[in-house]
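Notes to accompany the following structure.
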Amino acid sequence: MTNNKLSLQDIILNLQQYWANQGANLMQAYDNEVGAGTQSPYTFLRANGPEPWHAAYVQPSRRPADGRYGDNPNRLFQHHQFQVVMKPSPSNIQELYLGSLEALGIKPLEHDIRFVEDNWENPSMGAAGIGWEVWLDGMEVTQFTYFQQVGGIEVDSVTAEVTYGLERLASYIQDVPTVYDLEWGNGVLYGDIFKEPEFEHSKYAFEESNQEMLLKHFDEFEAEATHLLSLGLVHPAYDYILKSSHTFNLLDARGTVSVTERAGYLHRIRTMARKVSKVFIEERAKLGFPLLKDTDLRDKYIGENGKYAVKETK
Amino acid sequence: MSTFLLEIGLEEMPAHLVSSSEAQLIARVQTFLADHRLSVGEIKPYSTPRRLAVQLIQVASQSESLSEEKRGPSIDRAKDDNGDWTKAAQGFARGQGGTPEDFEERDGYIWLTKQTAGEDAAVILKKIGDEVVSQMKFSTYMKWADNNFLYVRPIRWLVALLDSEVIDFNILDVSTGRITRGHRFLSNENVELANADVYEKTLQTASVMVNANERKAQIRQQLETIASEHDWVLQLDTSAAQDLLEEVNNIVEWPTAFSGSFDDKYLQIPDAVLITSMREHQRFFFVTDHEGKLLPHFLSVRNGNDQHLDNVIAGNEKVLVARLEDAEFFYHEDQNKTIADYMGKVKKLVFHEKIGTVYEHMQRVSQLSEYLAEHLAFTSEQKLDLARAADIYKFDLMTGMVGEFDELQGVMGEHYAKLFGEKDDVAKAMSEHYMPTSANGEVAQSDIGAVLAIADKLDSIVTFFSAGLIPSGSNDPYGLRRAATGIVRTLQDKKWHVTLTPLLENFVSHTSDVTNQADLSAIHMFILDRVRKIAIDSGIRQDLVAAGTHTTTSDVVAVADRIQVLSQHAEDDNFRDVIEALTRVSRLAVKQVTNDAVDETLFENTAEKTLYEATQNIDVSALVLQGAEAIYEVLAKLQKPIANYFDVTMVNTEQVVVKNNRYAQLNMINRVINELGDLSLIVIK
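Chains as they are written, first to last, in this note's numbering: chain A, 339 to 652; chain B, 789 to 1473.
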């Protein structure tokens, strides 16, 4: 196989091209710290409400507690996810996914590919789904989820989310011992780009972060998000929720958040996540769900007796 | 005679639901056929991860016609004074789809024979979508696309064929047809079925082994062949191996077994870690030599054929090695710290956000263990070992190994505790306190492990109840029912008579804020309910179980014992007479409850006197200590005297003193009867 050694950027380019061909819109990585591609507003917010949405993007995902100073072959402070969301979930989504592996030169007949039950849950974002992890010759390379609940709200239209762990996938394709040996592109290695930031971010998160500043920021971000939500300013509010969440993750990595405080912080994030989902739907409903074209569904949701029908005020 | 085929095509189901769903489909089809009086010669089940199917052989062309006699109103209500049919009679005729002309008069009533003609099989089978497929129940559900319909996984295709004819119905936007799907990769997506008979054969050519039992036998044979070629020992009959075989069978449609290897150097890692890495994480079968020593090889099964198997083997080996690398790293790292280091970290570990930390949980468990040890008269050495075990028993949760391999909690605790120089009895409790880990799993064997297992589970139940986190319906997220079952089974196995309620009252009064909202009588009922469940699951009649568990005692061993005794005697020739006599006593006794002593001078007949003589030496508390069998034997001997007594004695006599004395005598006997439960709940046939 000639493209056995696709570089990481080739993998991204192939996936982008493939999913664009399947009708996904290519978004850019969200410019706010997130822990997973799911937290991007292109997934989290858009999963609620009845509007169709098809998107694909790379999302650098920060998990301070997973930092290993660049020493561990697989664990990273920040890894990259390739995220695909298709809403409503197409009936051939599994076949589309398998097609994407072929686009990376992975021929199913030469491997063992399985869909192994794995249901996903992110309690702090009030999100849960049903699905699988996909095994490629015994290695988990993709998380496949049908969202059932997001922001504590049962979804109207089910999103199929396909999340590729890019480092994992690339490690498999390039067959290298550690992520740092991966070729990003043009002969430049992953380690050349990320080893130093991995070390520095780990040192920061575990040893040097300013606790008082972070605690103060958390409170300020939360207050800002809450204020913005009351004004119906969904997107800036969501940015501050993401900031709160990341700030909490930094505090948590440092291990100084006590048990009861930890539960309290998670509860505060969850409360905001629920609120923003609700307001997002309300704001989209006010706009008349512009992306919803199907007439039957429009009637179902915003027709006279629709779930989100605007009540006449006399 | 025809053949009918129903196939539900799904996205990959969770492996653990495939076999039970296949069985459920068959059961629902049987009910469906019976409801519609459609006879078939044979019902054949099929399943793979992507399909549930059933084939009906020798389907009758029509359902059986039915002739049912229905009774209507009595004749005097059916006719008015003029002999004309009343409204009631006419209504009855209408309701049954007949006319008054068809009435028959018999036994003082009017009767109508209702005829239902047979229906064509094709017409009946059209309803199988609504009445069977849509009705399937699962332990996990999802919705998909823009539908609200819930199912285990999305339905992607449906096949319904009566011989070569498609039976039309649809579920959501999926309509039935004759197109099934072959193996995802080895076959074309769409495979046409000529008729219902060729199902298994057609799928075989499309690389799907659709008969689950045959597929499993195939896997078994392939695995055993490879093992014997290499002279490896493969145990497939342990329950863990059976579970794995079942799971593997339900993640493949076309199995091909293969073997792989890993470096010898990893064999220094504890076997439990290696086996978990292989079995739980990768679904591999491990192999040993003839002495039972683990070998650096594994067996696995691919969903596909033997082409390019090298890629599959290399990939699987690589994943396993990455896990073993981690395991080896943690195994060495973990030994550089001490139990005290780990316990320091346990202080930060949440037990439940409403309850507190694992460390606080351990402190309460330590206290409960102490009460139990005292009650069970442990030796001072046992008490010391128990106290040490209770102080450290969750330390392994903070080790790197358990962080990575959480299913090894307890097992690593025991292993590390020994390495850290703890006594064997103390180390053993690290793993035993989790037992039993399943409904029928082994219970803790050592006394220290058993006490810790009971105390750990009791504290969970009390604190969760206190926090209002009480299981309801099928919802038991914290496994409290399993915990209660574990308590009961451990006590039973040890034959430890512990009255739990007073023990818990004392406990709650000393631990206050996280336990004092617990309703101890609700906990008592909760635990008794588990005693009941265990007895019923063991095949004991419901009424005997209900009788035995009707009690205020919280000594579950005694309760289980009396259920056992009642069940053992239920087949005795005189059981009916004994129970009738005793319940007659009980029913009367409760009408006038008294603790008065019996006055012999008030007896008016010899039966009273004989009964008194038969009972006057009974010492209830001594009997209770001897157990339910002794109580039953004593009571059984009273059957004749009681029967004779009631033949000649009117309890409710005019003379109040005599009457009161008779109640005193009945109550005296009833206090013994109560030690067996509420016998009036026993159904006498």
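Backbone N, C-alpha and C define an ideal beta-carbon position, used for all residues, glycine too.
Pull up the DSSP beta-bridge partners for residue i, would you.
i: G829 of chain B; result: None, per the DSSP bridge assignment.
i: K425 of chain A; result: A:W391
i: M1131 of chain B; result: None; M1131 of chain B has no bridge partner.
i: Y484 of chain A; result: A:I468 and A:A498
i: Y897 of chain B; result: B:S862 and B:R894
i: S835 of chain B; result: B:L840
i: S855 of chain B; result: B:Q903
i: L364 of chain A; result: A:A394
i: S399 of chain A; result: A:H417
i: A1045 of chain B; result: B:V1089
i: H1312 of chain B; result: Answer is none; H1312 of chain B lacks a bridge partner.
i: M477 of chain A; result: A:L474
i: I491 of chain A; result: A:V488
i: T1145 of chain B; result: B:V1138
i: K867 of chain B; result: B:W873
i: W458 of chain A; result: A:G467
i: Q1197 of chain B; result: DSSP, once it has assigned bridges, lists no residue as partnering Q1197 of chain B.
So the candidates are the options; which of them puts its Cα closest to the Cα of residue i?
i: N1001 of chain B; options: B:V1036, B:H824, B:L1082 and B:K931; result: B:V1036
i: H1203 of chain B; options: B:D1031, B:I1057 and B:E795; result: B:I1057
i: V986 of chain B; options: B:V1021, B:L949 and B:V962; result: B:L949
i: E988 of chain B; options: B:I1470, B:S808, B:V842 and B:Q846; result: B:V842
i: D1264 of chain B; options: B:F1314, B:E1105, B:P1224 and B:Q1305; result: B:F1314
i: S1065 of chain B; options: B:D1025, B:F1295 and B:E1113; result: B:E1113
i: L854 of chain B; options: B:K902, B:Q1443, B:A1418 and B:V911; result: B:K902
i: R1318 of chain B; options: B:T990, B:A1306, B:T1303 and B:A1334; result: B:A1334
i: I336 of chain A; options: A:Q512, A:S615, A:M365 and A:F482; result: Given a span of 339 to 652 for chain A in the structure shown, any question on residue 336 of chain A remains unanswerable.
i: I1472 of chain B; options: B:S1027, B:A1369, B:A1377 and B:D951; result: B:A1369
i: G1103 of chain B; options: A:D456, A:L474 and A:D404; result: A:L474
i: V962 of chain B; options: B:A1177, B:L981, B:D951 and B:A933; result: B:A933
i: N1393 of chain B; options: B:A1452, B:F1434 and B:A877; result: B:F1434
i: K925 of chain B; options: B:V940, B:K915 and B:E1162; result: B:V940
i: P1429 of chain B; options: B:E1401, B:G829 and B:K914; result: B:E1401
i: E1220 of chain B; options: B:T1403, B:I1258, B:E1210 and B:A1241; result: B:A1241
i: F1208 of chain B; options: B:D1466, B:T1340, B:H1120 and B:E892; result: B:H1120
i: L604 of chain A; options: A:T585, A:R592, A:E620 and A:F618; result: A:T585
Is it the case that the Cβ atoms of residue i and residue j are separated by a distance below 8 Å?
i: W899 of chain B; j: R859 of chain B; result: yes
i: A575 of chain A; j: L567 of chain A; result: yes
i: E505 of chain A; j: H449 of chain A; result: no
i: A909 of chain B; j: S790 of chain B; result: yes
i: V1146 of chain B; j: A601 of chain A; result: no
i: Y502 of chain A; j: A441 of chain A; result: no
i: I1236 of chain B; j: D1301 of chain B; result: no
i: L974 of chain B; j: N1093 of chain B; result: yes
i: R839 of chain B; j: L798 of chain B; result: yes
i: E852 of chain B; j: W470 of chain A; result: no
i: P426 of chain A; j: L434 of chain A; result: no
i: E919 of chain B; j: F820 of chain B; result: yes
i: W458 of chain A; j: S345 of chain A; result: no
i: A1177 of chain B; j: A1217 of chain B; result: yes
i: W1411 of chain B; j: V1460 of chain B; result: The amino acid occupying residue 1411 of chain B in the given sequence is Leu; Trp does not appear at that position. The answer is yes: Cβ separation under 8 Å.
i: A1028 of chain B; j: L1022 of chain B; result: no
i: A465 of chain A; j: Q481 of chain A; result: no
i: D956 of chain B; j: K915 of chain B; result: no
i: H1338 of chain B; j: Q1155 of chain B; result: no
Taking 7 Å as the cut-off, is the beta-carbon of residue i closer than that to any non-hydrogen atom of the ligand ADP?
i: T887 of chain B; result: Absent from the structure shown: the ligand ADP. Ligands present: none.
Measure the beta-carbon distance from residue i to residue j and round it to whole angstroms, keeping in mind my assumption that it falls under 8 Å.
i: T1398 of chain B; j: N1362 of chain B; result: With 8 Å as the limit, T1398 of chain B and N1362 of chain B do not qualify as a contact, their Cβ atoms being about 18 Å apart.
i: I912 of chain B; j: H824 of chain B; result: 5 Å
i: K1206 of chain B; j: D1212 of chain B; result: 7 Å
i: V1061 of chain B; j: W1020 of chain B; result: Actually they do not touch by this definition, with Cβ atoms about 20 Å apart.
i: F420 of chain A; j: D404 of chain A; result: About 18 Å separates the two Cβ atoms, so there is no contact after all.
i: P411 of chain A; j: L635 of chain A; result: The Cβ separation is near 48 Å, so there is no contact.
i: I451 of chain A; j: M930 of chain B; result: Rounded, the Cβ-Cβ distance is 21 Å, inconsistent with contact.
Unbroken stretches of the alpha helix (DSSP H), 4 residues or longer, contained in the region 1010 to 1079 of chain B: 1027 to 1037 and 1059 to 1063
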